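Quick notes on the structure that follows.
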DNA sequence: TATTGTTATACTCTATAACTATA
DNA sequence: TATAGTTATAGAGTATAACAATA
């Protein structure tokens with residue numbers, strides 16, 4: 001959302017206007033996401049499914065609750081999503097030893113392979129873009145600035161860690 | 001996608017690794033998008049619907065074809081999406097005077113009002129975050145760096161301007 | 001009583017392809 | 001023949017609420 005135009009709509013108070021950052025941010029993001037999505041679909045996954053896989057990657061697994069919070073997928077949706085991943089053999093589940101209501105979700109070997117393969121493909125495809133666009137010091141700088149923004153948002157967003165169930 | 005972890009998966013060749021940028025980029029983007037989505041839903045719109053509204057904002061209208069390319073929504077989906085916006089009274093349509101197959105979509109007065117109101121709410125809500133996160137010079141710098149990335153992607157992506165119909 | 005996860009509902013978006021009406 | 005949009009289909013994500021099992 002908010003991809004194009006809008007400079008005029010800001011009221012032009014002379015001050016910061018987040019649009020000056022947001023628009024380039026969104027555009028840079030979309031540039032990368034289009035490629036990303038393409039790769040993911042070639043693997044036969046939807047973006048949401050890969051989101052789960054990427055979240056599970058390099059972890060020892062987690063409960064649905066945690067997965068739901070990290071992926072921003074509500075638990076109702078997550079059940080169906082996990083069903084599909086399960087039937088594709090990309091995840092495994094196990095009843096939690098400490099809480100029998102809960103099940104722990106992990107990547108299966110096949111899931112882990114997809115995780116790594118997609119990541120690698122992604123990175124090897126994208127690296128040249130970034131190397132062409134920015135010098136080494138610029139990358140470091142960009143990284144620093146982006147992290148400042150992220151931190152500012154997560155500061156506020158830390159009212160509990162994430163939405164619990166309904167979205168308003 | 002590709003929100004967390006992954007440093008380990010890159011092969012760590014010592015060189016750039018786009019992950020160093022991508023992860024902060026995605027996180028910064030998500031920080032803003034969560035707020036954005038919330039506002040949009042409060043208006044009774046879905047993200048896709050607002051995408052169309054934002055694309056139509058401050059223009060004299062455009063054909064479905066153009067709208068489809070700019071929003072990355074396939075024309076089949078667009079028909080239904082426009083139906084919903086039409087029934088909400090947020091857009092108007094008119095048969096193109098030069099090509100009777102084509103219809104020109106515009107924001108209605110009500111649609112324009114939503115466009116401006118959402119934009120304004122967005123900006124006034126977000127500005128403080130950015131002002132707290134970055135100094136004036138840093139914003140300018142960040143903007144410049146992001147634009148370089150965007151340009152690099154759109155350079156490559158300019159193989160015709162956008163997908164025509166199918167996505168592969 | 002509160003929480004974890006499932007089920008159910010209704011809508012929206014997605015990809016795709018076949019179709020129509022123009023061009 | 002090619003293009004602009006529509007319709008149809010099947011799958012998947014979304015929000016929400018009611019529910020069962022367990023804590």
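Residue numbers (full-length UniProt numbering), protein chains in the order written: chain W, 1 to 168; chain L, 1 to 168.
Note that beta-carbon positions come from the ideal geometry of N, C-alpha and C, so glycine has one too.
The structure presented is a predicted model; accordingly, all values stated were derived computationally and were not measured.
Item, Value
"What does DSSP give as the partner residues of residue 34 of chain W in its beta bridges?", "Answer is none; residue 34 of chain W lacks a bridge partner."
"Rounded to whole angstroms, what is the Cα-Cα separation between residue 114 of chain W and residue 76 of chain W?", "25 Å"
"With residue 107 of chain L as the anchor, note down where its beta strand (DSSP E) starts and where it stops.", "103-107"
"Give the DSSP bridge partners of residue 92 of chain L, in chain order.", "L:106"
"Whose CA, out of W:57, W:99, W:58 and W:103, lies closest to the CA of residue 78 of chain W?", "W:103"
"Using a Cβ-Cβ cut-off of less than 9 Å, give me the residues of the stretch 35-48 of chain L that come near chain W, in sequence order.", "35, 36, 37, 38, 40, 41, 42, 47 and 48"
"Starting from residue 60 of chain L, find everything on chain W with Cβ-Cβ shorter than 7 Å and list it in chain order.", "The contacting residues do not exist; residue 60 of chain L stays about 12 Å from chain W at best."
"Just mark residue 128 of chain W as buried or exposed, buried being the case when its beta carbon has 16 or more other beta carbons within 10 Å.", "exposed"
"Give a yes or no on contact between the stretch 83-94 of chain L and the stretch 40-57 of chain L, applying the rule of three or more CB pairs nearer than 8 Å.", "yes"
"Nearest-angstrom Cα distance between residue 31 of chain L and residue 63 of chain L?", "33 Å"
"Could you check whether residue 130 of chain W and residue 149 of chain L sit closer than 9 Å to each other, using their CB atoms as the reference points?", "yes"
"I want to see whether chain L comes within less than 9 Å of residue 31 of chain W, judged by CB atoms only; does it?", "yes"
"I'd like the list of long-range same chain contacts for residue 121 of chain L, defined as Cβ closer than 6 Å, with 5 residues on each side in sequence excluded.", "39"
"Are the C-beta of residue 26 of chain L and some C-beta of chain W separated by less than 9 Å?", "yes"
"Check residue 63 of chain W in the structure and name its three-state DSSP category.", "strand"
"Which class does residue 78 of chain L belong to by DSSP, given the choice of helix, strand or coil?", "helix"
"Less than 8 Å between the CB atoms is what I'm expecting for residue 20 of chain L and residue 139 of chain W, so what's the real figure, rounded?", "7 Å"
"Quick one: what does DSSP say residue 52 of chain L is sitting in, helix, strand or coil?", "helix"
"With a cut-off of 8 Å on the beta carbons, I'd call residue 56 of chain L and residue 105 of chain L a contact; round off their distance for me.", "7 Å"
"Is the separation between the beta-carbon of residue 125 of chain W and that of residue 26 of chain L shorter than 9 Å?", "no"
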